[in-house]
Amino acid sequence: TLPFGSKHRKCYGNGFVLLGDAASLIDPFSGEGIGNAMTSGRTAARIIKQAFEAGDFSEAFLKKYDATLWQEIGPELQTSLMLQKVGRNTMLLNMIISKAAKNKHLRDLISGMLVNEVPKKTLADPLFLLKVLVS
26 TLPFGSKHRK
36 CYGNGFVLLG
46 DAASLIDPFS
56 GEGIGNAMTS
66 GRTAARIIKQ
76 AFEAGDFSEA
86 FLKKYDATLW
96 QEIGPELQTS
106 LMLQKVGRNT
116 MLLNMIISKA
126 AKNKHLRDLI
136 SGMLVNEVPK
146 KTLADPLFLL
156 KVLVS
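Heads up, the sequence shown is in our numbering, so the first residue is 26 and it goes up one at a time.
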């Protein structure tokens with residue numbers, strides 16, 4: 026099994042950075058990882074280029090990779106973790122599914138979120154969830 030990105034794990038050290046699944050960047054809600062892997066690859070390329078220019082591949086220098094990467098994807102992973110926790114509440118999940126079965130707009134939002142067309146934070150917003158529950 027692969028560890029989800031629900032916990033910020035150290036993904037750098039002297040002379041190395043970890044990318045994608047190796048860096049535990051799997052989305053805790055959807056289980057998807059290719060988008061985060063690509064983001065980590067782009068971020069690593071920028072930081073490694075800087076390391077070559079500076080001639081410094083030390084852990085202290087490569088810490089920039091970790092900080093930059095988590096600044097980019099950390100908020101999304103935290104939102105996904107919160108949605109994963111919401112999904113563990115069977116009663117709440119059944120209620121949302123029942124509402125979505127009757128509401129095309131809600132179905133479109135949920136499916137859009139699963140394919141990253143709608144920001145997950147939209148569905149994680151407590152006010153949004155309250156509106157869903159009382160509608």
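Heads up, the beta-carbon is just placed ideally off N, CA and C, and yes, glycines get one too.
- Rounded to whole angstroms, Thr147 and Ser105 show a C-alpha spacing of 11 Å.
- About 5 Å separates the beta carbons of Thr68 and Leu94, which is inside the 8 Å limit, making them a contact pair.
- Under the three-state reduction of DSSP, Val42 is assigned to strand.
- Gly45 and Glu78 have their alpha carbons spaced roughly 24 Å apart.
- Met138 counts as buried, since no fewer than 16 other beta carbons sit within 10 angstroms of its beta carbon.
- Residue Gly66 holds the alpha-carbon nearest to the alpha-carbon of Phe41 among Ile51, Glu57, Phe54, Gly66.
- Taking 8 Å as the cut-off, the Cβ atoms of Gln96 and Pro53 do not count as close.
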